[in-house]
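Down below is the structure, laid out as C-alpha cells.
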Amino acid sequence: MIASSTFAIASRDELWLHGALSESRLMHGEARQRGRTIDATDARDEDLVRACEDAIDNARSAIAALGDARIRLVARAMREDGVESAETTITISIGGVSVVTTPANAVADYSLLRSLAGSTPTMSLGSLPIVWQNGSAAVLLHEAIGHAHEHDAAPVPWPTWLSVDAPLVTRRETFRDVPLPRMKHLIATQTGAPFVLPKERIEVQLIAGGAYDPVTDIVTIHVAVSSAGPFTIRRKRAEIAAALSGAVGEPIRYPGVICSREGQEIYVASHAPVMITDALT
Amino acid sequence: MIETYRKWGRVVRYENGVTIRVEEAGEARDDVFSARPAQTRVSVPHTSEDSILSKLVPKVDAYVAQTLLSVRPLVVERLIVSSGIAHHEANGVSWTEESQRVHLSLIKPPLRVLIDLASFDIAIIETIAAALARVGKEREALSRIRLAPNVSAALLPSLIGELAMEQAGGGLDGKGQPIATRAVTSDPPPNWYRPGYAVRPVRAWLNLRALPFGSIDASAPLALALLAPVDGTTLRVLCIDGDDVFPATVDATRIAAVSRDKPTWYPYAAGSFGAEMML
Chain A
-17 MIASSTFAIA SRDELWLHGA LSESRLMHGE ARQRGRTIDA TDARDEDLVR
33 ACEDAIDNAR SAIAALGDAR IRLVARAMRE DGVESAETTI TISIGGVSVV
83 TTPANAVADY SLLRSLAGST PTMSLGSLPI VWQNGSAAVL LHEAIGHAHE
133 HDAAPVPWPT WLSVDAPLVT RRETFRDVPL PRMKHLIATQ TGAPFVLPKE
183 RIEVQLIAGG AYDPVTDIVT IHVAVSSAGP FTIRRKRAEI AAALSGAVGE
233 PIRYPGVICS REGQEIYVAS HAPVMITDAL T
Chain B
14 MIETYRKWGR VVRYENGVTI RVEEAGEARD DVFSARPAQT RVSVPHTSED
64 SILSKLVPKV DAYVAQTLLS VRPLVVERLI VSSGIAHHEA NGVSWTEESQ
114 RVHLSLIKPP LRVLIDLASF DIAIIETIAA ALARVGKERE ALSRIRLAPN
164 VSAALLPSLI GELAMEQAGG GLDGKGQPIA TRAVTSDPPP NWYRPGYAVR
214 PVRAWLNLRA LPFGSIDASA PLALALLAPV DGTTLRVLCI DGDDVFPATV
264 DATRIAAVSR DKPTWYPYAA GSFGAEMML
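As they're listed, the protein sequences go chains A and B.
If you read the first sequence in the working numbering, its first letter stands for residue -17, the second for the next number, and so on.
If you read the second sequence in the working numbering, its first letter stands for residue 14, the second for the next number, and so on.
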C-alpha cells in the first residue's frame, strides 16, 4: 500500500463517426492518497490539459484520411509524484471489428483492419492447431500470464523457449479510481522455439476480447477474425501452457489491447511472435 | 435549443480496502455530445459539504465492517460500498438525489456469488453467505423454482416484451423530465437514462416493475443469489431447498407467477424492482 502520493490527470476523448465528430469529453482531476484514503477532486492542471489538447490535435491529423470508420481518440496526460507521462490511443472499428493503435501506426493498422473486416472464413471451425498471426498471441498471454500474475495465481509450466516481459506497475484510469497493479506492457519473445506449420490449421488474425477468471483459473479468448470465422476459446491456464507448441521470428506489435479490470480501462502495449498452439476449440 | 445538463456530486466509496472520497462537478451538452468539468459550480448547498462527508464516511465504514464480519469464513473477492449525494440541473429543473450502492463478490471455489444492492442491507448478505458456506452438489433439471427479489430484479431487463411490466413512476429522469408510471411496451421509452454527466443519455425504461399474477408455491426451492451475471434468460444461481444448498442453471424464459409483496429497488440496468417470482 502506498503511504502517500499525488496523482493528477487530464484526458480528452472524442468519438468520430464516418468523419463527423459525435462526442467529445474533457476530464481532469487530482487524487491525493494518504495510506488507505484517497481524496479526489476535479482540480484542473493547465499543463496537463494543454498536453492533452496538443495530443488530440495530433491524433485528429492522423485519422484525417480514415473517413469510413468509427474512431475513438483518447489522449491522456498524467503526473504522479512529479513524474509526467502521456499516451494517445486510437480505436478504429469497421463492421464490428476493431483495432487499437497510435497516431504513428494509425494508417497502417486501418489498412490491416479494412482488409480483415472484409474477409470471409475459408473453412469451418474444427479441432485444429491454431496459428496466432499479427502478434495476437500477446492477447492469449496477456490473459494467461499477465492477469494470472496480477492475481498471484499458482505457477504453471510454460515452454522453456518462451519469455514474457509483463511488469506490473501501479496504474489507474482516472482520478476517481483506486490504483491497482496492472501490466505496463507485455512483450513475448521466443528463443529457439520449434516451428512446423501444420498443414491443416486455423489462422487467427484479430481478437475481440479476453478474460481470466482467478477463481476457476479459466482463460477466455473471443476470436474476432480467423480463417474459421469468430469463435471462443475457454481453457484452464495449464491447458493453454501445454498447448503452446511453437513460435517463429521477432515479436510483432499487436494492434490493440485495452485492458479492463475493476471497471478501469487501460491501454497495454502488446507484442508477440507468430505462435502455434495445439487445438483449443 | 441546445440542452445543458449540470451535475455536482460528492461520494465516499470503499473499494477493496481503500476509501476514496470524490468531489466533482460537470456539465454536458446534447447536440454534438460534449462533457467537461463544470467551470462554474452548480448551485448547491455548499455550506453543508463538510457535513455531507462527515455523515457519509462513518456510514460506509460501519457497513463495510459489518459486512466483512458477517461473511466469515468466506473469501471476499470484491467489496465496493458507496454513499453519495448529487445535485442535478437540466432544462430549468434542479433536483437532488442520495444513493447507496453495494457490490459484493464472495467466493467458495469454484463458485462466486454476486450481490448488488441499493441499500446498506446486512441481512441479505448474511443469509447468502451462510448458504454459500454450506453449498453442496449441483442439481439439474429443476422444474419449479422461486427467484428471490434480488435475483428477479437482475432478470427483469431481459424480460422486456416477454413479461407484463411497468415503469414505476416517481422522481425525474436524466433530462429533468418526470418519470410517469407507464406500461412497458416495444415503443421507444418516454424517459432518458443518464448514469453520469460524461455519458450520453439514452432512452430507456426506468425502474422496471413486473405486474403481479399467479401464485407462489412457498415449498419450491428458492434461488437466493446469482452465481454469474444474467445471460439472456439463463440464470446461474445459488439455491436452497430445505436444508440443501446447491448451485443450478435455470432457464427463466417462462415466468409462472409474480408475488404481490412490496418490491425492492435494485441497481440493475436503469433500475429494476425485485419481487419474488416463480418459474
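Virtual Cβ for every residue (Gly too), placed ideally from N, Cα, C.
Fair warning: this is a prediction, and the values are worked out from it, not measured in the lab.
Rounded distance between the beta-carbons of residue j and residue i, thought under 8 Å
i, j, result
"ALA265(B)", "LEU168(B)", "5 Å"
"VAL197(A)", "ARG125(B)", "5 Å"
"LEU117(B)", "LEU92(B)", "5 Å"
"PRO203(B)", "ARG26(A)", "At roughly 37 Å, the Cβ-Cβ gap does not stay under 8 Å, so PRO203(B) and ARG26(A) are not in contact."
"ALA261(A)", "LEU110(A)", "6 Å"
"PRO242(B)", "LEU251(B)", "With 8 Å as the limit, PRO242(B) and LEU251(B) do not qualify as a contact, their Cβ atoms being about 14 Å apart."
"TYR18(B)", "ASN163(B)", "That belief does not hold up - the Cβ atoms of TYR18(B) and ASN163(B) are roughly 31 Å apart, past 8 Å."
"ALA223(A)", "VAL113(A)", "About 18 Å separates the two Cβ atoms, so there is no contact after all."
"ARG23(B)", "ILE33(B)", "Rounded, the Cβ-Cβ distance is 12 Å, inconsistent with contact."
Collapsed DSSP secondary structure at residue i in the structure displayed
i, result
"THR73(A)", "strand"
"ILE127(A)", "helix"
"ASP254(B)", "strand"
"ASP63(A)", "coil"
"ILE45(A)", "coil"
"GLN115(A)", "coil"
"ALA177(B)", "coil"
"TYR76(B)", "helix"
"ALA33(A)", "helix"
"LEU81(B)", "helix"
Residue i classed as buried or exposed, judged by whether at least 16 other C-beta atoms fall within 10 angstroms
i, result
"MET45(B)", "The residue asked about is misnamed: residue 45(B) is Val in this sequence, not Met. The residue is exposed, with fewer than 16 neighbouring Cβ atoms inside 10 Å."
"TRP108(B)", "exposed"
"VAL106(B)", "exposed"
"ASN29(B)", "exposed"
"PRO149(A)", "exposed"
"LEU176(B)", "buried"
"VAL65(A)", "exposed"
"SER252(A)", "buried"
"PHE157(A)", "buried"
"ARG280(A)", "Any property of residue 280(A) remains undetermined from this structure, which presents chain A solely from -17 to 263."
"SER118(A)", "buried"
"GLU151(B)", "exposed"
"GLY231(A)", "exposed"
"GLU125(A)", "buried"
"ASP147(A)", "exposed"
"LYS20(B)", "buried"
"HIS0(A)", "exposed"
"ILE98(B)", "buried"
"PRO58(B)", "With a pLDDT of 47 at PRO58(B), under the threshold of 50, the modelled position of this residue cannot be trusted; read the value that follows with caution. Exposed: under 16 other Cβ atoms inside 10 Å."
"THR83(A)", "buried"
"ARG222(B)", "buried"
Counterpart residues of residue i in DSSP-defined beta bridges
i, result
"ILE240(A)", "TYR249(A)"
"PHE226(B)", "VAL271(B)"
"GLU265(A)", "With chain A running from -17 to 263 in the structure shown, residue 265(A) is simply not present."
"ARG217(A)", "VAL201(A)"
"TRP(-2)(A)", "LEU3(A), ILE53(A)"
"ALA41(B)", "TYR18(B), ALA48(B)"
"ASP244(B)", "THR247(B)"
"ASP195(A)", "ILE200(A)"
"LEU144(A)", "GLN172(A)"
"HIS100(B)", "TRP21(B), THR109(B)"
"ASP264(B)", "THR247(B)"
Residue i versus residue j - alpha carbon distance
i, j, result
"PHE133(B)", "TYR281(B)", "16 Å"
"SER106(A)", "LYS181(A)", "15 Å"
"THR60(B)", "GLU179(B)", "Because THR60(B) sits at a pLDDT of 43, beneath the cut-off of 50, its placement in the model cannot be relied upon, and the point is left open."
"ILE203(A)", "LEU188(A)", "11 Å"
"ASN87(A)", "ARG7(A)", "24 Å"
"GLU185(A)", "PRO123(B)", "33 Å"
"PRO86(B)", "LEU(-3)(A)", "47 Å"
"ARG16(A)", "ARG58(A)", "24 Å"
"ILE268(B)", "ASP256(B)", "25 Å"
"GLY191(A)", "GLY227(B)", "42 Å"
"SER(-13)(A)", "ARG61(A)", "11 Å"
"ILE120(B)", "ILE141(B)", "11 Å"
"ALA231(B)", "THR80(B)", "28 Å"
"VAL267(A)", "LEU224(B)", "No information on residue 267(A) is available, as it lies outside the stretch -17 to 263 that chain A covers here."
"MET257(A)", "VAL201(A)", "17 Å"
"LYS166(A)", "VAL250(A)", "6 Å"
"ALA225(A)", "THR259(A)", "5 Å"
"SER75(A)", "SER43(A)", "18 Å"
"LEU292(B)", "LEU127(B)", "21 Å"
"VAL8(B)", "TRP205(B)", "Not covered by the structure: residue 8(B). The range shown for chain B is 14 to 292."
"ILE248(A)", "ILE192(B)", "36 Å"
Closer than 9 Å at the beta carbon, the chain D residues around residue i
i, result
"ALA22(A)", "In the structure shown, chain D cannot be found, because the protein chains are A and B."
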